[in-house]
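Residue numbers for the sequence shown, in this note's numbering: 3 to 458. Glycine residues also receive a C-beta, built at the ideal position from the N, C-alpha and C atoms. Below is one structure, written out as structure tokens, with a few remarks after it.
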Amino acid sequence: SQVRYQKMSGEASDAPSIRLIDNAFPKLLISQAKFEEVYGTKPDFFVQAPGRVNLIGEHIDYCGYAVFPMAIEQDVILAVGVCEEPTIQMHNIDELYAPGSSSITDLMISKESPTWYHYLLCGIRGVLDTELGLKEKKGLKFVVHGTIPPCAGLSSSSALVCAAALAAGHAHGVNWSKSHYANICAKCERYIGTEGGGMDQAICFLATSGSAKLIEFDPLKATPVSLPKKAVFVVANSLSQKQKALTSEYNTRVAECRLAAQACWHCLYCSLYNQVIACHCGFDWKLVRRLDDVQKLTGKKLSDLLCLVKESLHKEPYTKQEVSMCLLILICQILEVSMEELDRVSLSEKTKGLKSFKLQQRSLHLEKRSPKMQNEEPLYQMIKVFVAEANRVWEFKNTCDHEEEVGETETLKSLGKLMSDSHTSCRDLYECSHPCLDQLVELSKGIAYGARLTGA
3 SQVRYQKMSG EASDAPSIRL IDNAFPKLLI SQAKFEEVYG TKPDFFVQAP
53 GRVNLIGEHI DYCGYAVFPM AIEQDVILAV GVCEEPTIQM HNIDELYAPG
103 SSSITDLMIS KESPTWYHYL LCGIRGVLDT ELGLKEKKGL KFVVHGTIPP
153 CAGLSSSSAL VCAAALAAGH AHGVNWSKSH YANICAKCER YIGTEGGGMD
203 QAICFLATSG SAKLIEFDPL KATPVSLPKK AVFVVANSLS QKQKALTSEY
253 NTRVAECRLA AQACWHCLYC SLYNQVIACH CGFDWKLVRR LDDVQKLTGK
303 KLSDLLCLVK ESLHKEPYTK QEVSMCLLIL ICQILEVSME ELDRVSLSEK
353 TKGLKSFKLQ QRSLHLEKRS PKMQNEEPLY QMIKVFVAEA NRVWEFKNTC
403 DHEEEVGETE TLKSLGKLMS DSHTSCRDLY ECSHPCLDQL VELSKGIAYG
453 ARLTGA
């Protein structure tokens, strides 16, 4: 028998491809057998979503800057059945994961104690919450077969979200482009409490065989980049798991970067005259979510932001109270910026309880701290860091593009150094590494051209 099989491939403007399958896909046959065992019928279609590895550009997608991931062979396969009952039923081939169910009209997603199938519900809700004008929401039955190691920094959760969104869209006759799906799915994990930047979902939908992708945002754009032909990228699992949805560490860094961007806006418009002009032009500080927003709203270069922040902000890390007062001054006391408003506008449910923010440590991320930097203001350092890492992404791409000019060996050396520098900063300054990851990097020295963590 032949069943429809839907996967992400082709151009970003294309809808995900649909094709008939036969017995050449062993994983699909395994999923189909389990589906028949659980539900007593064949699935209506399958969906495939790949995992990813980020080669360079750690923790800058949620600041609005380009990243450089590629898809991996490990993936998530969904066997999907459409039913008239208004329910969603979810089973996993791996018996470690208990089955789950939900009403299609009342999707219950826990932020406090999320489980594996809540990521499926995130993707489904993301599709159903859009303005589809659906008169009737169809029920869905799932069997999940995943080969992406969980909590290993390879986006197993985002693959579940993307696959479920694509399944829900297909079941309801949606014909969106992959870029549209990626933009919707980038917001879906917020239902579970994770404030990602969109890289994982973008590469999941927009990856193509044989190349990495330079992913840019606003608007979403994916440029294929050919990696050196003889380069081998080894993806090693440290076996130390990290469940981002269960902790506030990831969201804390997002909040720190958002507050830094809003403080930068303050630095640019710290005078009464500039504040009046800004308010008149609609430059509301509440609209500033990322450092990239500051640039777009003001037309300033990053070098200009560096100078202004260095002149205006003190060296010590800012407390929550100081940030609130900073924003109070920002709008020249026309509006009150209470702690409650700061919580509502700048923080999330998982970061509202924070009392202080490590802006200094975050500001050093991805740039080696030299003695000269010891006395620099923390937000000045933070912007320098984002500039350095954003530039490093483009340097990685340009190095790949000019391999024929500089030669294979020099190209690999340059790429390896970029990766190693990135890891050092992720470990020491952004504090997102783990001893097991550090050990893997140390073991690679003398064997590989360079190594770094990913997804931590």
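Item, Value
"Assigned secondary structure, residue 141 (DSSP; H/G/I helix, E/B strand, else coil)", "strand"
"Inter-residue spacing [alpha-carbon to alpha-carbon] between residue 107 and residue 162", "20 Å"
"Local conformation of residue 274 per DSSP, three classes", "Because the pLDDT of residue 274 is 43, which lies under 50, any placement of that residue in the model is unreliable, and the question is left without a value."
"Completely contained alpha helix (DSSP H) runs for the segment 194 to 244, where each covers 4 or more residues", "201 to 208"
"Span separating the alpha-carbon of residue 127 from that of residue 167", "8 Å"
"C-beta contact flag for residue 208 and residue 189 at 7 Å", "no"
"Stretch pair the segment 62 to 82 + the segment 196 to 204: three plus CB contacts closer than 8 Å", "yes"
"Residue of 258, 402, 451 and 390 minimising C-alpha distance to residue 427", "390"
"Candidates 218, 414, 455 and 223: closest to residue 393 by CA position", "218"
"In DSSP terms, what residue 120 is bridged to", "Residue 120 is not bridged to any residue."
"Residue 37 CB to nearest heavy atom of the ligand MG below 6 Å", "Looking at this structure, you won't find the ligand MG or any other ligand, since it has none at all."
"Cβ contact check for the segment 419 to 439 and the segment 83 to 99: 3 or more pairs under 8 Å", "no"
"Distance between residue 395 and residue 211 (C-alpha atoms, nearest Å)", "21 Å"
"Selected residue, minimal CA-CA separation from residue 47, among 75, 404 and 169", "169"
"Anticipated Cβ contact below 8 Å, residue 455 with residue 425, distance rounded", "6 Å"
"C-alpha gap between residue 402 and residue 452, whole angstroms", "15 Å"
"Cβ neighbour criterion (16 or more within 10 Å) applied to residue 365", "The predicted position of residue 365 is uncertain, since its pLDDT is 40 and thus under 50; no value can be drawn from it."
"DSSP three-state assignment for residue 75, whether helix, strand or coil", "strand"
"Backbone CA spacing between residue 14 and residue 288 [nearest angstrom]", "31 Å"
"Endpoints, alpha helix (DSSP H) assigned at residue 421", "410 to 430"
"Per-residue burial, residue 110 [other beta carbons within 10 Å of its own, 16 or more giving buried]", "exposed"
"Distance CB(residue 215)-CB(residue 224) smaller than 7 Å", "yes"
"Validate contact between the segment 33 to 42 and the segment 69 to 87 using beta carbons, cut 8 Å, 3 pairs", "yes"
"Beta-carbon gap between residue 124 and residue 243 smaller than 7 Å", "no"
"Euclidean distance between Cα positions of residue 418 and residue 440", "16 Å"
"Where residue 251 falls, given that 16 or more other Cβ within 10 Å makes a residue buried", "exposed"
"Run of the beta strand (DSSP E) containing residue 27, from where it starts to where it stops", "Counting along the chain, residue 27 falls outside any beta strand (DSSP E), and DSSP gives it neither H nor E."
"Contact set for residue 398: own chain, Cβ-Cβ below 6 Å, skip 5 residues either direction", "58, 70 and 420"
"For residue 261, three-class secondary structure by DSSP", "helix"
"Residue 102 in three-state terms, based on DSSP", "strand"
"Residue burial classification, residue 404 (beta-carbon count within 10 angstroms, cutoff 16)", "exposed"
"Residue closest to residue 68, alpha-carbon to alpha-carbon, out of 191, 60 and 263", "60"
"C-beta contact flag for residue 151 and residue 239 at 7 Å", "yes"
"Alpha-carbon to alpha-carbon, residue 155 and residue 368", "With a pLDDT of only 33 at residue 368, under 50, the local geometry of the prediction cannot be trusted, and no value is derived from it."
"Under the three-state DSSP convention, the category residue 368 falls into", "Any reading at residue 368 must be qualified, since the residue scores a pLDDT of 33, below 50, and its modelled position is unreliable; the value itself is stated next. Three-state DSSP puts residue 368 in coil, outside helix and strand."
"Sub-7 Å separation of residue 263 and residue 296 beta-carbons", "yes"
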